[in-house]
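A.B. asks: Take any residue in the sequence shown, note its place counting from 1, add 942, and you have its number in our numbering. The structure is given below, and queries will be raised subsequently.
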Amino acid sequence: MNALLSRLQWYLKLVRLDKPIGIVLLLWPTLIALWLATDGAPNGKLVAIFCLGTALMRSAGCAVNDYADREFDKHVKRTADRPLTSGKVSGKEALLIALVLSLLAFSLILPLNALTKQLSILAVVIAATYPYFKRFFGIPQAYLGIAYGFGIPMAFAAVQNTVPWTAWMLLVANVFWTVAYDTEYAMVDRDDDLKIGIKTSAITFGQFDVKAIMLCYFVSLAMITLIGYSYGLRSWFFAGIAVAAACAIYHYNLIKDRDRMRCFAAFRHNNWLGAAIFAGVAVDYVLH
């Protein structure tokens, strides 16, 4: 029994259920899309499907990412003790777990329309190929932003059976947000990544990393503001954007000296930035 519990514990660490920050960073854009697509009145069942599906796909993505990076992670201080790298979980186990989680996520959307199912297949392909972009693409965080934001077009497809231009613009805004917070994350590992040859935005931006992050925050928030305005959102939505902007300024104060732990703290604090935007959208719909 103890051996089984120990194994389960390693599996949970593999899929990062002990670190749910990744789930919420995927969830906020998806929920914002659901609220916009339904004029602030999403079906409870649909919300549950996307919340659970987001958690499952993020977990599957972690397993695939660790499989792809199992040799690189040995040389990075922060990742050297991960289940795959440390040998506690095998590569075959990781891929099997990823497959099972992906199938469970797909089963959730079986009641939904064909367009949503088609987009879900594309989402899986993007998520599975992201780890390999770090081998040759200078800003893999941009590709990650597509993977992390693909719940946006899927949410609109599930509700409207089409994906309007605003959904694609919201996805682009999410790409800029992802580049901002994942560059903060990459700044933590920059020295190790330089040694092993992994490409990240923190390396590509170089001495302009902090400026690039703040520019990405600005572009993302500006785009989201315009999208919300086009949907008729006003005072409470703008209040949420203002709080999100204050979060971004706080992040600047954390990352400006490039201290590893403060950069990591800034990355984690993006949960509150996303929550502020969603709260602004949800409350504005309720009160107006």
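Cβ coordinates follow ideal geometry from the N, Cα and C atoms, glycine included.
Suppose the cutoff is 7 Å on Cβ atoms and the five residues either side in sequence are ignored; what does the same chain contact list for LEU1041 look like?
C.D. replies: There are no such residues.
A.B. asks: So, for ILE1094: in the same chain, excluding its five sequence neighbours on each side, which residues have a beta-carbon less than 6 Å away from its beta-carbon?
C.D. replies: So the list reads PRO971, ALA975, ALA1109, LEU1112, LEU1113, once near-sequence residues are dropped.
A.B. asks: Between the stretch 1116-1133 and the stretch 1038-1054, can you find at least three pairs of beta-carbon atoms closer than 8 Å?
C.D. replies: Result no; under three Cβ-Cβ pairs closer than 8 Å.
A.B. asks: Leaving aside the five residues before and after CYS1004 along the sequence, list all residues of the same chain whose C-beta is less than 8 Å from its C-beta, in chain order.
C.D. replies: Once the five neighbours on either side are set aside, the close Cβ partners of CYS1004 are LEU956, VAL957, ARG958, GLY964.
A.B. asks: Got a sec? Which residues, its chain only, sit under 7 Å from THR1058 by beta carbon, not counting five neighbours each side?
C.D. replies: If we look at THR1058 and ignore the five residues flanking it on each side, its Cβ neighbours are ILE1051, MET1096, ALA1099, ALA1100.
A.B. asks: Is it a yes or a no for the stretch 1117-1126 touching the stretch 1143-1162, going by three-plus beta-carbon pairs under 8 Å?
C.D. replies: Result yes; three or more Cβ-Cβ pairs closer than 8 Å.
A.B. asks: Looking only at its own chain, which residues have a Cβ that is under 7 Å from the Cβ of TYR1171, when we skip the five neighbours before and after it?
C.D. replies: Excluding residues within five positions, none has a Cβ falling inside 7 Å.
A.B. asks: Could you give the distance in angstroms between the alpha-carbon of ALA997 and the alpha-carbon of VAL1161?
C.D. replies: If you take the alpha carbons of ALA997 and VAL1161, they lie about 27 Å apart.
A.B. asks: Any chance you could list the alpha helix (DSSP H) runs of at least 4 consecutive residues sitting entirely within the stretch 1000-1051, in chain order?
C.D. replies: Listed in chain order, they are 1033-1050.
A.B. asks: Is the beta carbon of ALA1069 within less than 6 Å of some heavy atom of the ligand GDP?
C.D. replies: The ligand content of the structure shown is nil, which means the ligand GDP is not present either.
A.B. asks: Which of the three DSSP states is assigned to THR980 in this structure?
C.D. replies: Note: THR980 maps to coil in three-state DSSP.
A.B. asks: By the three-class DSSP mapping on this structure, what secondary structure does ASP1151 have?
C.D. replies: Correct three-state label for ASP1151: helix.
A.B. asks: To the nearest angstrom, report how far apart VAL1006 and LEU978 are at their CA atoms.
C.D. replies: Cα-Cα distance, rounded: 31 Å.
A.B. asks: Is the CB-CB distance between ALA1181 and LEU1215 below 7 Å?
C.D. replies: No. Outside cutoff.
A.B. asks: Pull up the CB-CB distance for ALA1190 and MET1156, whole angstroms please, since I reckon it's below 8 Å.
C.D. replies: Confirmed, Cβ separation roughly 7 Å.
A.B. asks: Report the residue from LEU1045, ASN1212, ILE1197, ALA1065 whose alpha carbon sits nearest the alpha carbon of THR1120.
C.D. replies: The shortest C-alpha separation from THR1120 is found at ASN1212.
A.B. asks: Shortest alpha-carbon distance to ARG1012 belongs to which of TRP1107, LYS1198, GLY1029?
C.D. replies: Closest option to ARG1012, Cα to Cα, is GLY1029.
A.B. asks: With GLY1091 and ASN1116 assumed to form a contact (beta carbons below 8 Å), what rounded beta-carbon distance in angstroms separates them?
C.D. replies: GLY1091 to ASN1116, Cβ: 3 Å. Contact.
A.B. asks: Quick check on the DSSP output: the alpha helix (DSSP H) that includes LYS961 runs from which residue to which?
C.D. replies: Run containing LYS961: none; DSSP gives neither H nor E here.
A.B. asks: Distance check for SER948 and GLN1083, CA to CA, integer angstroms please.
C.D. replies: The straight-line gap from Cα to Cα measures roughly 33 Å.
A.B. asks: Counting only beta-carbon separations shorter than 7 Å, does ASN1116 have a partner in chain D?
C.D. replies: The structure shown has no chain D; it contains just one protein chain.
A.B. asks: Which residue comes first and which comes last in the alpha helix (DSSP H) that contains THR1066?
C.D. replies: Before going on, a small fix: residue 1066 reads as Val here, not Thr. First-last of the alpha helix (DSSP H) with VAL1066: 1056-1075.
A.B. asks: May I ask which residues mark the beginning and end of the alpha helix (DSSP H) holding THR1108?
C.D. replies: Residues 1107-1130.
A.B. asks: What is the rounded straight-line gap between the Cα of LEU1061 and the Cα of VAL1067?
C.D. replies: C-alpha separation (whole angstroms): 10 Å.
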